[in-house]
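Colleague: In order, the protein sequence lines correspond to chains Y and X.
Just so we're aligned: 469 in this note's numbering is position 59 of the first sequence, and the numbers increase by one with no gaps anywhere.
Just so we're aligned: 534 in this note's numbering is position 124 of the second sequence, and the numbers increase by one with no gaps anywhere.
Before I ask anything, let me first share the structure, which is written out below as structure tokens.
There are 2 protein chains.
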Amino acid sequence: MKIGKGVEWAAHASAVLALLPPGWALPGDALAQFLGVPAAYMAKQLQALSRAGIVTAQRGVAGGYRLAREAADVSLWDITAAVEGAGPLFRCTEVRRNGPCGASPAECPGPCNIAAAFHSAEASYRDALAAVPLTELVAGGAKTATAERKQRIGEWIDEHATRPAE
Amino acid sequence: MKIGKGVEWAAHASAVLALLPPGWALPGDALAQFLGVPAAYMAKQLQALSRAGIVTAQRGVAGGYRLAREAADVSLWDITAAVEGAGPLFRCTEVRRNGPCGASPAECPGPCNIAAAFHSAEASYRDALAAVPLTELVAGGAKTATAERKQRIGEWIDEHATRPAE
DNA sequence: TGTATTGCGGATAAAATATATCCGGAATAA
DNA sequence: TTATTCCGGATATATTTTATCCGCAATACA
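In structure tokens form, the structure reads like this:
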């Protein structure tokens, strides 16, 4: 019961895209290089973000990825759901219906209490992640970075960012 | 990123044990039969509950499992942590340290914002499950059960429960 | 029109985890 | 002593995660 690392990569990648000047983009390979992760697998996570409408992909020579909407409108839950899926963590197999004393269908109108409790707890989890906008992650990262590193990041972006047609 | 079914089984098993008269127990095989799940694998989950101090195991002829403490003092989180482990769902691999613009150790005093946000969300999840005592699950289950089924369950327990020495 | 670039989706494979079974041994009551 | 019951480890299978590769489509530019 662990979260895949694709979520972590996608979150970091989204934070980097939030640093781009409006209208600019970053190719997937460059993004993977910046984060120091395998490009082929990172590409899969970026595709998931694209399918979910979090980033916009532009094919072709000066193409790449950019945020599909403002960073303030992208939450950590959006990213998690895009990569990991939005389905419930707890899967009820209706154990109550099993065995010598199993419940009849008539006795099972809704989800059992155990499933209901897990789904409620997952809603708390989801809400907590939904309350974290991408802007917060970017701002927090900027706070601990030295001025020297910020400059190097800016230079790297200038060097690798592309300018796709609108 | 899914919860194993062992958690579901352990929760149901604990709820059954809560129905036992004080001082009585149920062998693991009987419990598995009652829930209609594979006995050998159910045994693993019961061992986990035992290691976590949620149930007490009694070996020998009239042995079996019983709750180690009152049902009101056992939460759904206790059961989940016992079976699935209490470690974090999100595992930070310190991506911020990677790549051409990776942060220096001095710039990483605490966990990064992404990891912190996930850990905070997981705390909400944990707290929600910790707020659900076993008594609540038992009471909820009793509400939807017919009188006829409750009687059958009582008879089944009378037939299979054992009376270990204190 | 051609060519280089870039993302998309599917096929594939290796590694890790979840699911499941079995067995020898220890503990226990009768 | 015997039958029972739990414990822990070894093992096997299935599923998921992690990762790579390739052909194709889209795009910009010469």
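Glycine included, every Cβ here is placed at the ideal spot set by N, Cα and C.
Note that the structure is predicted; figures quoted are calculated from it, not measured.
1) Residues in the same chain with beta-carbon distance under 7 Å from His-422 of chain X, minus the five sequence neighbours each way, listed in chain order, please.
2) Measuring CA to CA, which of Y:Cys-502, Y:Leu-436, Y:Trp-487 and Y:Val-465 is closest to Gly-416 of chain X?
3) Please report the residue range of the beta strand (DSSP E) in which Leu-486 of chain Y lies.
4) Run through the stretch 523-550 of chain X for me and flag every whole alpha helix (DSSP H) of 4 or more residues, listed as ranges in chain order.
5) For the alpha helix (DSSP H) that Arg-471 of chain X lies in, which residues bound it at each end?
6) Residues of chain Y with CB under 8 Å from Tyr-475 of chain X, in chain order?
7) Do Ser-424 of chain Y and Ile-524 of chain Y have their C-beta atoms within less than 8 Å of each other?
8) Establish whether the CB of Gly-551 of chain Y and some CB of chain X are separated by less than 8 Å.
9) Whose C-alpha, out of Y:Leu-430, Y:Gln-455 and Y:Arg-506, is nearest the C-alpha of Pro-574 of chain Y?
10) Compare the C-beta of Lys-454 of chain Y with all C-beta atoms of chain X and state if any pair is closer than 8 Å.
11) Is there a Cβ from chain X that is less than 8 Å from the Cβ of Gln-443 of chain Y?
12) Please report whether the beta-carbon of Ala-609 of chain X lies at a distance below 8 Å from any beta-carbon of chain Y.
13) Do you know how far the Cα of Leu-544 of chain X is from the Cα of Val-426 of chain Y?
14) In chain X, which residues lie with their C-beta within 8 Å of the C-beta of Arg-559 of chain Y?
15) Mind checking if Gly-438 of chain Y is an interface residue toward chain X, Cβ cutoff 8 Å exclusive?
16) Is there at least one Cβ from chain Y nearer than 8 Å to Arg-461 of chain X's Cβ?
17) Is there at least one Cβ from chain Y nearer than 8 Å to Trp-566 of chain X's Cβ?
18) Ignore the nearest five residues each way along the sequence and tell me which others in Glu-662 of chain Y's own chain have a CB closer than 7 Å to its CB.
19) For Ala-467 of chain X, I'd like the list of residues in its chain whose CB is within less than 6 Å of its CB, leaving aside the five on either flank, ordered along the chain.
Modeller: Quick look at the numbers:
1) Reading the second sequence from its first residue, position 12 is the one you call residue 422 of chain X. Only Leu-445 meet the Cβ criterion.
2) Here residue 416 of chain X refers to the residue found at position 6 of the second sequence. Considering only alpha carbons, the answer is Y:Cys-502.
3) The residue given as residue 486 of chain Y occupies position 76 in the first sequence. Per DSSP, Leu-486 of chain Y belongs to no beta strand (DSSP E); it is in the alpha helix (DSSP H), 486-494.
4) 523-540
5) On the second sequence, position 61 is the one that residue 471 of chain X refers to. Looking at the sequence shown, residue 471 of chain X is not Arg but Val. No alpha helix (DSSP H) contains Val-471 of chain X, which DSSP labels as neither H nor E.
6) Here residue 475 of chain X corresponds to residue number 65 of the second sequence, with the count starting at 1. Within chain Y, no residue comes near Tyr-475 of chain X; the closest Cβ sits about 16 Å away, beyond 8 Å.
7) On the first sequence, residue 424 of chain Y is found 14 positions in, with the first residue counted as 1. On the first sequence, residue 524 of chain Y is found 114 positions in, with the first residue counted as 1. The answer is no: Cβ separation not under 8 Å.
8) As a working note, residue 551 of chain Y is residue 141 in the first sequence. Yes, Gly-551 of chain Y counts as interfacial toward chain X.
9) Within the first sequence, residue 574 of chain Y is the residue found at index 164, counting from 1. Ranking the options by Cα distance to Pro-574 of chain Y, first place goes to Y:Leu-430.
10) As a position in the first sequence, residue 454 of chain Y is number 44, starting the count at 1. Lys-454 of chain Y does not count as touching chain X.
11) What you label residue 443 of chain Y is simply residue 33 of the first sequence in a count that begins at 1. By this cut-off, Gln-443 of chain Y is an interface position.
12) With chain X covering 411 to 576 only, the question about residue 609 of chain X has no answer from this structure.
13) Translated into positions along the first sequence, residue 426 of chain Y becomes position 16. Translated into positions along the second sequence, residue 544 of chain X becomes position 134. Each residue's alpha carbon lies about 45 Å from the other.
14) Position 149 of the first sequence, counted from the first residue, corresponds to residue 559 of chain Y. Within 8 Å Cβ-Cβ: Cys-511, Ala-513, Ser-514 and Glu-517.
15) The sequence position of residue 438 of chain Y within the first sequence is 28, counting from 1. False, the Cβ-Cβ gap to chain X never drops below 8 Å.
16) Here residue 461 of chain X refers to the residue found at position 51 of the second sequence. Taking Cβ atoms only, chain Y never reaches closer than 8 Å to Arg-461 of chain X, which makes this a no.
17) Sequence index remark: in the second sequence, residue 566 of chain X carries index 156 (1-based). Yes, Trp-566 of chain X counts as interfacial toward chain Y.
18) Outside the shown range of chain Y (411 to 576) lies residue 662 of chain Y, about which nothing can therefore be said.
19) For this step, residue 467 of chain X is matched to residue 57 along the second sequence. Result list for Ala-467 of chain X: Ser-460 and Tyr-475, in chain order.
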